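Taking it in order: structure first as structure tokens, then the write-up.
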């Protein structure tokens, strides 16, 4: 774990694949959540990121169907603007999409959803805990995290080659993951796919970055 450069933030790297920098602080000490009223999973992260299937997967992961409302900047739309600006200036970079807190959960028990601009297509073998799935360029999933990488050719990301975008979902918790590891892997992959598809659409990626409407959960 590494300290972030923003107040009340923590950045992390998972197996060299997930870069996080959680942003914002609410009055109750939870970054990225308003704490005003509970909301359903499908309304999280701007209301476009979580499909009905992904909402069910969030229940598998957290054991809850009610969550703290995301703040107004914790959306795919906002993150896509940041991503495109970062791409224009440096080609690589990373940032936040949103953080997910189940109702009454402590700050130490949360999901962090992030984006990253990779320098190129996936290379090398993933860490042993990850299962490889055939979504986008490559999808990795485990019982506590998943990352989808897809290629995006878009007017918003101009260049001779497609941009390489990663969407990561990881749980931060003092407790070990509970439940069937295979079901948890499917759940994380489903949430990461849903957010990735929403990001690909928001960026205007050709062919939605090669992502299908539903997740492909059979190992590659």
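In the working numbering, the protein residues as written are 631 to 850.
Ideal placement from N, C-alpha and C gives every residue a C-beta, glycine not left out.
Here the structure is a predicted model, which means the values were calculated and not measured.
Under the three-state reduction of DSSP output, residue 765 falls in the coil class, being neither helix nor strand.
The criterion of a C-beta distance shorter than 8 Å is satisfied by residue 846 and residue 763.
Within the DSSP secondary-structure output, residue 743 pairs in a beta bridge with 728, 799.
At the C-beta level, residue 704 and residue 727 come within 8 Å of one another. Here the alpha carbons of residue 790 and residue 821 stand approximately 30 Å from one another. Rounded to whole angstroms, the gap between the alpha carbons of residue 788 and residue 825 is 22 Å. Residue 742 is classed as buried because its beta carbon has at least 16 other beta carbons within 10 Å across all chains shown. In the three-state scheme derived from DSSP, where H, G and I count as helix and E and B as strand, residue 680 is classed as coil.
Take the alpha-carbon of residue 757 and the one of residue 796: they are about 16 Å apart. If you check the CB distance, residue 799 and residue 775 come in under 8 Å.
Distance from the CA atom of residue 778 to the CA atom of residue 768, rounded to whole angstroms, is 6 Å. Taking 8 Å as the cut-off, the Cβ atoms of residue 745 and residue 793 do not count as close. Residue nearest to residue 723 within the set 712, 737, 670, 735 is 712 (criterion: CA-CA distance).
Taking a C-beta distance under 8 Å as the contact criterion, residue 828 and residue 736 do not qualify as a contact pair.
Note on residue 850: under 16 other CB atoms within 10 angstroms of its CB, so exposed under the neighbour-count rule. DSSP lists 793 as the bridge partner or partners of residue 782.
Here residue 692 is not bridged, per DSSP, to any residue. A distance below 8 Å separates the beta carbons of residue 830 and residue 780.
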